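Enquirer: Residue numbers (this note's numbering), protein chains in the order written: chain Z, 1109 to 1273; chain F, 1109 to 1273.
Glycine residues also receive a C-beta, built at the ideal position from the N, C-alpha and C atoms.
Quick caveat: nothing in here was measured; it's all calculated off a predicted structure.
2 protein chains.
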Amino acid sequence: MNHGPMDLRRLDGQPLNWQSPERLRLADELGAAIVELSMRLRRAILPPGISLTQAGTLLALRDGPQRVTGLADAVQVTQPTMSALVMGMERLGWVRRDTDGADRRVVAVCLTRTGEKVIRDLEAARTRALLAGLDTLPALDLAALAAAIPALRGITQHESKAVAS
Amino acid sequence: MNHGPMDLRRLDGQPLNWQSPERLRLADELGAAIVELSMRLRRAILPPGISLTQAGTLLALRDGPQRVTGLADAVQVTQPTMSALVMGMERLGWVRRDTDGADRRVVAVCLTRTGEKVIRDLEAARTRALLAGLDTLPALDLAALAAAIPALRGITQHESKAVAS
DNA sequence: TGACGTACATAGGGGGACTATATATATTGG
DNA sequence: CCAATATATATAGTCCCCCTATGTACGTCA
Chain Z
1109 MNHGPMDLRR
1119 LDGQPLNWQS
1129 PERLRLADEL
1139 GAAIVELSMR
1149 LRRAILPPGI
1159 SLTQAGTLLA
1169 LRDGPQRVTG
1179 LADAVQVTQP
1189 TMSALVMGME
1199 RLGWVRRDTD
1209 GADRRVVAVC
1219 LTRTGEKVIR
1229 DLEAARTRAL
1239 LAGLDTLPAL
1249 DLAALAAAIP
1259 ALRGITQHES
1269 KAVAS
Chain F
1109 MNHGPMDLRR
1119 LDGQPLNWQS
1129 PERLRLADEL
1139 GAAIVELSMR
1149 LRRAILPPGI
1159 SLTQAGTLLA
1169 LRDGPQRVTG
1179 LADAVQVTQP
1189 TMSALVMGME
1199 RLGWVRRDTD
1209 GADRRVVAVC
1219 LTRTGEKVIR
1229 DLEAARTRAL
1239 LAGLDTLPAL
1249 DLAALAAAIP
1259 ALRGITQHES
1269 KAVAS
């Protein structure tokens, strides 16, 4: 339960020795696998005409309206990039730009029905592409993947906290 | 998001149906996790000044020289894109363009020492970024990730076969 | 009220990726 | 053997994404 950065000290009480050598090797192999997956699945996952950043922005809007700067942080692009992106997606009819009543500088970006449908298509394509990839895997591998999902989510949660702080 | 029903205990020699419901759910959640990972780690993993396509091309060259068309297929870009990419990387000193003796149309793209160093830096940055992400995970999650690595590789292997055939 | 800070937009430029097409080199049928 | 075709790569032209630097409108505070 230590939160120190890059702390490689001993994990007391654990039956496995997950310190530097194994940890390093895990990071190495996992990194290779994730990069390979990203590169190979990028085109299969994204429907034509939707960029990765557009997809990320739409997904960031699922939980409710966001201002432009917040979206830029969430998707990890600069604010001008997000401004242009939002304007483009407004032109496509995927989002609406409402003005906040209290502060007239901010624009509240929110999904339209069309945008929600784009998200559904996006997720459907993603699932379809991955189902094809899972097709040849034995049940043991599928179980291993299922068991690893919380850990995979945990990696990104740490990342978002690190970026936010 | 608990995935209790997908755990390992049901799989000893059982014809557990990894058919529609569980399979679909696995693809869905795994897809979400992978997309999230891709988006969040893209900037952390790639050293500044190296694009994802450049990285993929370098990695594809690790196993030996390749012709331009082969690289384009491996990295999943068009041939003109790969031509420009290779010329750019030649200008950077990362690759060399040798002419095949037998067929003077083809160029054999191969890594230079500099290119090999770029790959090492790339992998080091990747591992470093991931190590930071693994930092807060409990040993159980680390074990789950380690166990899932062959399966993760299996997904992409299927993809590459599907593309090739 | 005027100076400063914040939220977003605009301007300009570089790079990546595509389609269509050109060029140079094999390969093949008559 | 030569013209037609096929193959490997390069060039041209365009669009989108993303960046930095800067501008504009609005809020905040002394």
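Alpha carbon to alpha carbon, what distance is there between Z:Leu1219 and Z:Trp1202?
Expert: Roughly 6 angstroms between the two C-alpha positions.
Enquirer: State yes or no: is the C-beta of Z:Ala1256 within less than 8 angstroms of the C-beta of F:Ala1255?
Expert: Closer than 8 angstroms, so yes.
Enquirer: Are the CB atoms of Z:Thr1165 and Z:Met1197 nearer to each other than 8 angstroms?
Expert: Taking 8 angstroms as the Cβ cut-off, Z:Thr1165 and Z:Met1197 qualify as a contacting pair.
Enquirer: Can you name the residues that DSSP bridges to Z:Arg1174?
Expert: In the sequence under discussion, the amino acid at residue 1174 of chain Z is Gln, which differs from the Arg named in the question. Z:Gln1174 pairs with Z:Val1217.
Enquirer: If you draw a straight line from the C-alpha of Z:Leu1245 to the C-alpha of F:Arg1150, how long is it?
Expert: Roughly 27 angstroms separates the two Cα atoms.
Enquirer: Confirm, please, whether the CB-CB distance from Z:Pro1258 to Z:Ala1216 is below 8 angstroms.
Expert: Not a contact, by the Cβ cut-off of 8 angstroms.
Enquirer: Using a Cβ cut-off of 7 angstroms, pull out every chain Z residue sitting near F:Asp1249, in sequence order please.
Expert: The contacting residues are Pro1258, Ala1259 and Gly1262.
Enquirer: Name the chain F residues whose beta carbon is nearer than 7 angstroms to that of Z:Ser1159?
Expert: Under the 7 angstroms cutoff, chain F gives no residues; its nearest Cβ is about 11 angstroms from Z:Ser1159.
Enquirer: With 9 angstroms as the C-beta to C-beta threshold (strictly closer), list the residues of the stretch 1128-1149 of chain Z near chain F in chain order.
Expert: Against chain F - using a Cβ distance shorter than 9 angstroms - the residues of the stretch 1128-1149 of chain Z are Glu1130, Arg1131, Leu1132, Arg1133, Leu1134, Ala1135, Asp1136, Glu1137, Leu1138, Gly1139, Ala1140, Ala1141, Ile1142, Val1143, Glu1144, Leu1145, Ser1146, Met1147, Arg1148 and Leu1149.
Enquirer: Using the Cα positions of F:Asp1136 and F:Met1190, report the straight-line distance between them to the nearest angstrom.
Expert: Rounded to the nearest angstrom, the two C-alpha atoms are 32 angstroms apart.
Enquirer: Below 8 angstroms on C-beta distance, what does Z:Ile1153 contact in chain F?
Expert: In chain order: Gly1139 and Val1143.
Enquirer: Compare the Cα-Cα distances from F:Arg1236 to each of Z:Lys1225, Z:Leu1179 and Z:Ile1263 and report the closest residue.
Expert: Considering only alpha carbons, the answer is Z:Ile1263.
Enquirer: Under the three-state reduction of DSSP, which class applies to Z:Val1203: helix, strand or coil?
Expert: Of the three classes helix, strand and coil, the one that applies to Z:Val1203 here is strand, per DSSP.
Enquirer: Pick from Z:Gln1187, Z:Arg1148, Z:Leu1200 and Z:Gly1178: whose alpha carbon is nearest that of Z:Gly1157?
Expert: Among Z:Gln1187, Z:Arg1148, Z:Leu1200 and Z:Gly1178, the Cα nearest to that of Z:Gly1157 is on Z:Leu1200.
Enquirer: Compare the C-beta of Z:Thr1235 against all C-beta atoms of chain F and say whether one is closer than 8 angstroms.
Expert: Closer than 8 angstroms to some Cβ of chain F, the Cβ of Z:Thr1235 qualifies, so yes.
Enquirer: How is the alpha helix (DSSP H) around F:Leu1160 delimited, first residue to last?
Expert: Segment Leu1160 to Ala1168, the alpha helix (DSSP H) holding F:Leu1160.
Enquirer: Could you check the C-alpha separation between F:Arg1175 and F:Ser1159 for me, to the nearest Å?
Expert: Cα-Cα distance, rounded: 20 angstroms.
Enquirer: Is it true that the CB of F:Ala1168 sits closer than 8 angstroms to the CB of F:Val1183?
Expert: Result yes, Cβ atoms of F:Val1183 and F:Ala1168 sit closer than 8 angstroms.
Enquirer: Could you check what DSSP says for Z:Thr1244 in three-state terms: helix, strand or coil?
Expert: Here Z:Thr1244 sits in coil by DSSP.
Enquirer: Suppose contacts are defined by Cβ-Cβ distances below 8 angstroms. Is Z:Leu1250 in contact with F:Leu1134 by that definition?
Expert: Result yes, Cβ atoms of Z:Leu1250 and F:Leu1134 sit closer than 8 angstroms.
Enquirer: Assign F:Asp1211 to one of two classes, buried (16 or more other C-beta atoms within 10 Å of its C-beta) or exposed (fewer than that).
Expert: Exposed, by the Cβ-count rule.
Enquirer: Considering only C-alpha positions, which residue in the set F:Arg1204, F:Asp1208 and F:Leu1154 is nearest to F:Arg1234?
Expert: The candidate whose alpha carbon is nearest that of F:Arg1234 is F:Leu1154.
Enquirer: Show which residues of chain F have a CB atom less than 8 angstroms away from the CB atom of Z:Leu1166.
Expert: Neighbours of Z:Leu1166 on chain F: none; closest Cβ ~11 angstroms, over 8 angstroms.
Enquirer: Measuring only the C-alpha atoms, how far is F:Arg1170 from F:Arg1221?
Expert: So the two alpha carbons sit approximately 11 angstroms from each other.
Enquirer: From Z:Met1109 to F:Asp1243, what distance separates their C-alpha atoms?
Expert: Its pLDDT being 44, under 50, Z:Met1109 is placed unreliably in this model, and the value from its coordinates should be taken loosely. Their backbone Cα atoms lie some 10 angstroms apart in a straight line.
Enquirer: Are any of the Cβ atoms in chain Z nearer than 8 angstroms to that of F:Leu1219?
Expert: Chain Z, which has no Cβ nearer than 8 angstroms to the Cβ of F:Leu1219, makes this no.
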